[in-house]
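A.B. asks:
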Amino acid sequence: MTQNTSAQPLIHGGARTPRAALPHLPPLALYIHIPWCVRKCPYCDFNSHTASSVLPEEEYVDALLADLDQDLHAVYGRELSSIFFGGGTPSLFSAAALGRLLEGVQARIRFADDIEITLEANPGTFEQEKFVAYRKLGINRLSIGIQSFQQAKLEALGRIHNGDEAVRAADMARQAGFDNFNLDLMHGLPDQSLDDALSDLRQAIALKPTHLSWYQLTLEPNTVFWNQPPALPEDDTLWDIQEAGQALLAEHGYRQYEVSAYAQAGRPARHNLNYWSFGDFIGVGAGAHGKLSHPDGRIVRTWKTRAPKDYLNPAKSFQAGAKELTNEELPFEFLMNALRLTEGVEARLYAERTGLDLASLDEGRREAEQSGLMQVEPSRLAATDRGQLFLNDLLQKFLS
Ligand SMILES: C[S@@+](CC[C@H](N)C(=O)[O-])C[C@H]1O[C@@H](n2cnc3c(N)ncnc32)[C@H](O)[C@@H]1O
Ligand code: SF4
Numbered sequence: 001m002t003q004n005t006s007a008q009p010l011i012h013g014g015a016r017t018p019r020a021a022l023p024h025l026p027p028l029a030l031y032i033h034i035p036w037c038v039r040k041c042p043y044c045d046f047n048s049h050t051a052s053s054v055l056p057e058e059e060y061v062d063a064l065l066a067d068l069d070q071d072l073h074a075v076y077g078r079e080l081s082s083i084f085f086g087g088g089t090p091s092l093f094s095a096a097a098l099g100r101l102l103e104g105v106q107a108r109i110r111f112a113d114d115i116e117i118t119l120e121a122n123p124g125t126f127e128q129e130k131f132v133a134y135r136k137l138g139i140n141r142l143s144i145g146i147q148s149f150q151q152a153k154l155e156a157l158g159r160i161h162n163g164d165e166a167v168r169a170a171d172m173a174r175q176a177g178f179d180n181f182n183l184d185l186m187h188g189l190p191d192q193s194l195d196d197a198l199s200d201l202r203q204a205i206a207l208k209p210t211h212l213s214w215y216q217l218t219l220e221p222n223t224v225f226w227n228q229p230p231a232l233p234e235d236d237t238l239w240d241i242q243e244a245g246q247a248l249l250a251e252h253g254y255r256q257y258e259v260s261a262y263a264q265a266g267r268p269a270r271h272n273l274n275y276w277s278f279g280d281f282i283g284v285g286a287g288a289h290g291k292l293s294h295p296d297g298r299i300v301r302t303w304k305t306r307a308p309k310d311y312l313n314p315a316k317s318f319q320a321g322a323k324e325l326t327n328e329e330l331p332f333e334f335l336m337n338a339l340r341l342t343e344g345v346e347a348r349l350y351a352e353r354t355g356l357d358l359a360s361l362d363e364g365r366r367e368a369e370q371s372g373l374m375q376v377e378p379s380r381l382a383a384t385d386r387g388q389l390f391l392n393d394l395l396q397k398f399l400s
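According to UniProt numbering, the sequence shown is numbered sequentially starting from 1.
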């Protein structure tokens, strides 16, 4: 297919004072968005849409590669450290389509020898054969969307799978040769008790994933749950679930390294760690976001056309907008990511990734330390436990 190749002009985000060129560019990742699902879940505000009976796989793969072509000039000579197929439900795509896509990506950008390639998979959208075929393509990590093992909860969440299918999904992943897989679980579900939540966690832990993402359900604007809120647990119960869940995960060797991410030793998600440590990423696909640093010090965020039908419309451009981050925005942008990490980041990373002097954080750091929100440790930028609980308050101190 042909696509309009004219990207939107850059919006300069205010006056730009000179900033040091970056000493070296950060690791580079690729996010690929697949925007279709079997059915839209009532709590979900991601860019995901109920698929029609025939997915435009071929057309979409062509579009993704053409979209990538337009970003290539900005990453010339660099290699990919990770790729993430996110959605939506990427496991709706056939191995043949994903194979053509991965080949196309590899023909355009070099892969690091130890590249991490993750695909989000929903129970009810794959069988063993599909997982085997994905593994053969070089996909070496799965992220399986379980949410809960309890039938009543799955129904309340509008999921298409049952608890048995969730268990089988993890077994299939292992048998297909995925020794590295994540399970997504949510807690704070409608009418969920502490026992319900811990039972879900115990079942997940019994499947021995290398990684667990354990999100508290939030009611998001423009979702069915926002308009017709279900009965969620009281705050006391939510607090008990959080405390007891964290203890259970720690007891079984899952170390919390981010607000909702827990991993076995050496198994944090490289792709996500790159986001949280202000690494670079190309985003291709409907509504995908990207962030790229340039050797001259410019750091630019981009976002792609959101509606799948517009993204696939040759008369429209892939890129919907771009914005260069200003010196005033960078402290907040960096910390908004880094402070999500339980141990924060080494302080030197700030200058390396933003080109700004560490001293530009001094005033905010002093205030945050005095309020008990940031750790007093010169060589690290890290929130305290309290700071992680009140991350928004903490970040306000770095807004200019
Ligand atoms: C991008 S979503 C898609 C993953 C996959 N399609 C699925 O549903 O299993 C990634 C994860 O975000 C979490 N999530 C989605 N909406 C949420 C919400 N409103 N509150 C908390 N977590 C949410 C779910 O755990 C979900 O698995
Ligand atoms: S939660 Fe997952 S399956 Fe449900 S609509 Fe969102 S992306 Fe699709």
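Beta carbons: idealized from backbone N, C-alpha and C, even for Gly. Quick caveat, the model's predicted, so the values are computed rather than measured.
1. Between which two residues does the beta strand (DSSP E) containing E258 stretch?
2. Can you confirm whether the stretch 51 to 58 touches the stretch 81 to 98 when touching is taken to mean that 3 or more C-beta pairs between the two stretches lie within less than 8 Å?
3. Which same chain residues end up closer than 6 Å to E120 when comparing Cβ atoms and leaving out the 5 residues on each side of it in sequence?
4. Does DSSP put S400 in a helix, in a strand, or in coil?
5. Please go through the stretch 221 to 260 and give each complete beta strand (DSSP E) segment of 3 or more residues, from N-terminal end onward.
6. What number of angstroms, rounded off, separates the C-alpha of K397 from the C-alpha of R340?
7. For L248, which of R348, S400, E377 and A206 has the nearest alpha-carbon?
8. Which of the three DSSP states is assigned to residue 407 in this structure?
9. Tell me which same chain residues have a C-beta within less than 6 Å of the C-beta of M172, skipping the five on either side of it?
10. Taking Cβ positions, are L80 and F111 nearer each other than 9 Å?
11. May I ask you to list the residues that DSSP assigns as paired with N182?
12. Going along the chain, which unbroken runs of the alpha helix (DSSP H) with 4 or more residues stay wholly within the stretch 66 to 140?
13. So for G13, helix, strand or coil by DSSP?
14. With contact counted as at least three CB pairs below 8 Å, one residue from each stretch, are the stretch 18 to 35 and the stretch 359 to 370 in contact?
15. Which residue comes first and which comes last in the alpha helix (DSSP H) that contains Q192?
16. Tell me whether G285 counts as near ligand 2, meaning its Cβ is closer than 8 Å to at least one heavy atom of that ligand.
17. Is it true that the CB of Q216 sits closer than 9 Å to the CB of G177?
18. Give me whichever residues DSSP pairs with residue 431 in a beta bridge.
19. Measuring from each Cβ to the nearest heavy atom of ligand 2, keep the ones under 6 Å and list them in chain order.
20. Please return the same chain residues whose Cβ sits closer than 6 Å to the Cβ of Q375, not counting the five positions on each side in sequence.
21. Measuring only the C-alpha atoms, how far is R19 from A338?
22. When burial is assigned at 16 or more other CB atoms within 10 Å of the CB, is P378 buried or exposed?
23. Going by beta carbon distance, what residues of the same chain come within less than 6 Å of V345, once the five residues before and after it are set aside?
24. Would you say the beta carbon of T326 is closer than 8 Å to some non-hydrogen atom of ligand 1?
25. Taking buried to mean at least 16 other C-beta atoms within 10 Å of its own C-beta, is S52 buried or exposed?
26. Is Q388 helix, strand or coil by DSSP?
27. Should A107 be labelled buried (16 or more other beta-carbon atoms within 10 Å of its own) or exposed?
28. Nearest to L335 by CA position, among G245, N392, V284 and G321, is which residue?
29. Any heavy atom of ligand 1 closer than 8 Å to the beta-carbon of M186?
30. What would DSSP say about L361, mapped onto helix, strand or coil?
31. Could you give the DSSP three-state label for F334: helix, strand or coil?
32. Going by DSSP in three states, R159 sits in which element: helix, strand or coil?
33. Figure out for me which residue from E155, R39, G145 and L373 has the closest Cα to the Cα of P230.
C.D. replies: Concretely, from the data shown:
1. Going by DSSP, E258 is part of the beta strand (DSSP E) stretching over R255 to E258.
2. Remark: three or more beta-carbon pairs, one from each stretch, lie closer than 8 Å, so the stretch 81 to 98 and the stretch 51 to 58 are flagged as touching.
3. Excluding positions up to five away in sequence, the list reads G86, G87, P90 and S143.
4. Shown here, S400 sits in coil according to DSSP, grouped into three states, outside any helix or strand.
5. Restricted to the stretch 221 to 260, the beta strand (DSSP E) segments that are unbroken, complete and at least 3 residues in length are 255 to 258, listed in chain order.
6. In this structure, the CA atom of K397 is about 15 Å from the CA atom of R340.
7. Nearest option by C-alpha distance: A206.
8. The requested residue 407 is not part of the displayed model; the chain covers only 1 to 400.
9. Excluding the 5 residues flanking it on each side, M172 has same chain C-beta neighbours closer than 6 Å at Q128 and F131, in chain order.
10. Their beta carbons are under 9 Å apart, which means L80 touches F111 by this criterion.
11. According to DSSP, which records beta bridges pairwise, N182 is partnered with S143 and H211.
12. You should have 95 to 108 and 128 to 136.
13. With a pLDDT of 36 at G13, under the threshold of 50, the modelled position of that residue is not reliable, and no figure is offered here.
14. Remark: fewer than three beta-carbon pairs, one from each stretch, lie closer than 8 Å, so the stretch 18 to 35 and the stretch 359 to 370 are not flagged as touching.
15. That residue, Q192, is in no alpha helix (DSSP H); it is neither H nor E in DSSP.
16. The answer is no for G285.
17. Going by C-beta atoms, G177 is not nearer than 9 Å to Q216.
18. Absent from the model: residue 431. The displayed extent of the chain is 1 to 400, so no value can be given.
19. The set, ordered by position in the chain, is C37, K40, C41, C44, F46, S48, G87, G88, T89, N122 and G145.
20. Within the same chain, Cβ atoms closer than 6 Å to the Cβ of Q375 are found at A382 and T384, the five residues on either side in sequence being excluded.
21. Looking at the two C-alpha atoms, the distance is approximately 20 Å.
22. With fewer than 16 neighbouring CB atoms inside 10 Å of its own CB, P378 falls in the exposed class.
23. S277, A338 and L381, listed in sequence order.
24. Answer for T326: no, Cβ out of range of ligand 1.
25. By the 16-neighbour rule on beta-carbons within 10 angstroms, S52 is exposed.
26. If DSSP states are grouped into helix, strand and coil, Q388 belongs with the helices.
27. Exposed: under 16 other Cβ atoms inside 10 Å.
28. Nearest neighbour of L335 by Cα position, chosen from G245, N392, V284 and G321, turns out to be N392.
29. Taking the Cβ of M186 as the reference point, at least one heavy atom of ligand 1 falls within a distance shorter than 8 Å.
30. Helix at L361.
31. Collapsing the DSSP output to three states places F334 in a helix.
32. Note: R159 maps to coil in three-state DSSP.
33. Here the closest residue by C-alpha is E155.
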